[in-house]
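Trainee: 13 is the number of the first residue of the sequence shown in our numbering; add one for each residue after it.
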Amino acid sequence: MANEAQHQEFTSDEKPAFTDLSRALRTAREQKKLSIGDVAEQLKIASSHIQYFEGDRLDLTQLDPFQRGYLRNYSELLNVDIKPYESVFPEVVDVGSSLQSVDLEEHATKPIISIAMMRILSSLAVIGIIILLIAINV
13 MANEAQHQEF TSDEKPAFTD LSRALRTARE QKKLSIGDVA EQLKIASSHI QYFEGDRLDL
73 TQLDPFQRGY LRNYSELLNV DIKPYESVFP EVVDVGSSLQ SVDLEEHATK PIISIAMMRI
133 LSSLAVIGII ILLIAINV
């Protein structure tokens with residue numbers, strides 16, 4: 013399945029047509045008798061991504077991080093080596109966030125009397141009241 017052109021290394025200055033990779037992906041998918049819909053369902057991505065990867069307009073230099081991940085997962089599913097093409101992927105930009113973590117757990121104070129002890133004391137109080145009522149009526 014690996015194409016000879018697929019094993020050449022590219023420099024970041026080159027912008028080759030990636031039709032050989034597209035063809036290799038399409039051929040591998042067809043050899044496995046998978047439809048675009050089957051692959052999209054297995055990878056949990058839109059079929060438009062699969063169509064793009066197999067199409068003549070594939071440009072690896074313009075892939076965002078999610079698309080690169082989709083392409084890697086797709087190539088792994090089909091056993092197509094894309095390592096030679098990874099050198100032309102755009103630089104990864106660190107994504108930062110100004111969000112701060114929040115401690116959602118409230119620090120509860122420990123109760124003075126446990127629930128089990130409360131039940132025992134409640135039961136003893138009820139028994140004491142019953143005994144008191146019986147003693148008054150006698």
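We put the beta carbon where it would ideally sit given N, CA and C, even for glycine.
If aspartate 71 sits next to threonine 31, beta carbons under 8 Å apart, how far is it from one beta carbon to the other, in whole angstroms?
Mentor: About 11 Å separates the two Cβ atoms, so there is no contact after all.
Trainee: Taking only three categories from DSSP, how would you classify aspartate 50?
Mentor: Helix.
Trainee: Which of helix, strand or coil does DSSP assign to isoleucine 57?
Mentor: Here isoleucine 57 sits in coil by DSSP.
Trainee: Tell me the residue span of the alpha helix (DSSP H) that contains arginine 35.
Mentor: Note, arginine 35: alpha helix (DSSP H), 31-43.
Trainee: Just reading off the alpha helix (DSSP H) that glutamine 74 is part of, what are its end residues?
Mentor: Per DSSP, glutamine 74 belongs to no alpha helix (DSSP H) and is neither H nor E.
Trainee: Does the Cβ of leucine 144 have 16 or more other Cβ atoms within 10 Å, making it buried, or fewer, making it exposed?
Mentor: Exposed.
Trainee: Using three-state DSSP, classify lysine 122 as helix, strand or coil.
Mentor: In this structure, lysine 122 counts as coil in the three-state DSSP scheme.
Trainee: Helix, strand or coil for phenylalanine 101 per DSSP?
Mentor: Phenylalanine 101 falls in the coil class under three-state DSSP.
Trainee: Roughly how many angstroms separate the alpha carbons of serine 47 and lysine 122, rounded to a whole number?
Mentor: Roughly 60 Å between the two C-alpha positions.
Trainee: Using three-state DSSP, classify asparagine 91 as helix, strand or coil.
Mentor: Looking at asparagine 91 - three-state DSSP - the assignment turns out to be coil, as it is neither helix nor strand.
Trainee: According to DSSP, is valine 138 helix, strand or coil?
Mentor: Helix.
Trainee: If we count the other Cβ atoms within 10 Å of its Cβ and call it buried at 16 or more, is isoleucine 94 buried or exposed?
Mentor: By the 10 Å Cβ count, isoleucine 94 comes out buried.
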